[in-house]
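Visitor:
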Amino acid sequence: MDNQIEIEVGRPNTIANQHLIDRQRTVNTLHKAALKGDWKTAKTLSSDKNIPWNIAITKDGNTALHIAVSAKKTAFVRNLVECLEGSELELKNEYGYTAFCTAAVSGVVKIAKVMYEKNNNLTSIRSKNAYNRDRSKSGYTPLKIAIWFRKTEMAEYLYPITRLEDLEDEEYVDILEEAIRADMYDIALKMLKESTRIAPPRRINTELALQALAQKNLPYNHKFQGWIWERLVSIIASIPSIPYFKRICSSLQWRRQANELAMGLWERIPMTSLDSGFLIQKTQILHDAAKIGNVEF
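Mapping of the sequence shown onto this note's numbering: residues 11 to 307, in sequence order.
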């Protein structure tokens, strides 16, 4: 009787354990297939082993889509996205990243396009929780992520498909400033212009944006930064309250986008010498500029 009880209890446990082992092996195989871009193996596993595509296959909560995107397996991603519902593309890993956010990190525009065509809401989903109305920052949009990781081509793709009107003021300015730091002046200039056109208009913190420009290291052989610096210096030099500030970048060529960015920021300041001089002193623009050795007095 006791033996029968042991057998009755033991067999289901053994079967259950074996089932878990087999399933884990299948998940591991799916993980490897996603890494390698082996769609044939992955598809067979999903159909024969009844493994859903949207399950987490790593301890960090990554799905097969996260893995394939990170591994830059474009063909695999394209095939997998066709098997998914649009809402399944919004699944996040333990770090709050959707596969689309992962694509922003990778910089592979083709992969981002495949997912965006399936779900146009992906550009608005932040890496963690969204910016709250009280302006507490707790996540980044794919656009901010691409700029942060200096993926210029990806940022240029994401900018026109990102709904700027959905961004909070702080978030909007944060992305603009990061674009300046990343030397993506074209995006920064567009955001500056759009800030007055979208509803509601965005309040740009000119002090922080100008200071971000002043803090740039500007070697003479730099591809972009010299233009920004020359324009900034020329504007500051025209203020009567700072008579000894000289322009030193006369040998550098000015570029339209960089000039417009510096001028556009400056136009946001009340246009009086007193206000402008006070702003420069308050934000330590001259101090930051002198610290990098690009000015003379």
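Glycine is no exception: its CB is placed at the ideal position from the N, C-alpha and C atoms. None of the values given here were measured: they were computed from a predicted structure.
Considering V91, what are the terminal residues of the alpha helix (DSSP H) in which it resides?
Guide: Residues T84 to C93.
Visitor: At what residues does the alpha helix (DSSP H) containing Y107 begin and finish?
Guide: First-last for Y107: undefined, no H or E at that position.
Visitor: Can you list, in chain order, the residues of its chain whose CB lies under 7 Å from that of W93, leaving out five sequence neighbours each side?
Guide: Correcting the residue identity first, residue 93 is Cys in this sequence and not Trp. W63.
Visitor: If we count the other Cβ atoms within 10 Å of its Cβ and call it buried at 16 or more, is S205 buried or exposed?
Guide: Looking at its Cβ environment, which holds 16 or more other Cβ atoms inside 10 Å, S205 is buried.
Visitor: Count the other C-beta atoms from every protein chain shown that fall within 10 angstroms of the C-beta of N129, then say buried if there are 16 or more, exposed otherwise.
Guide: buried
Visitor: Starting from the C-beta of G9, find all residues in its chain whose C-beta is less than 6 Å away, skip the five residues before and the five after it, and write them out in chain order.
Guide: For residue 9 there is no data in the structure shown, the boundaries of the chain being 11 and 307.
Visitor: With a CB to CB cut of under 6 Å and the five nearest residues on each side skipped, what residues in its chain are close to K161?
Guide: G117
Visitor: Which stretch, first to last residue, makes up the alpha helix (DSSP H) that contains P62?
Guide: From DSSP, P62 is part of no alpha helix (DSSP H); its letter is neither H nor E.
Visitor: Around the C-beta of A109, are 16 or more other C-beta atoms found within 10 angstroms, so that it is buried, or is it exposed?
Guide: buried
Visitor: Which same chain residues, not among the five before or five after A122, have their C-beta less than 6 Å away from its C-beta?
Guide: A113
Visitor: Determine the closest residue to L132 out of A66, T51 and Y169, with distance taken between C-alpha atoms.
Guide: Y169
Visitor: Using the C-alpha atoms, what's the distance from V119 back to E277?
Guide: 35 Å
Visitor: Can you give, in chain order, each stretch of the alpha helix (DSSP H) that sits fully within the segment 152-219 and has at least 4 residues?
Guide: The DSSP assignment places 152-158, 162-168, 179-191 and 195-204 as complete runs of the alpha helix (DSSP H) inside the segment 152-219, in order along the chain (cut-off: 4 residues).
Visitor: Run through DSSP, which three-state label would G96 get?
Guide: helix
Visitor: If you check the beta carbons only, do S80 and N89 fall under 9 Å apart?
Guide: no
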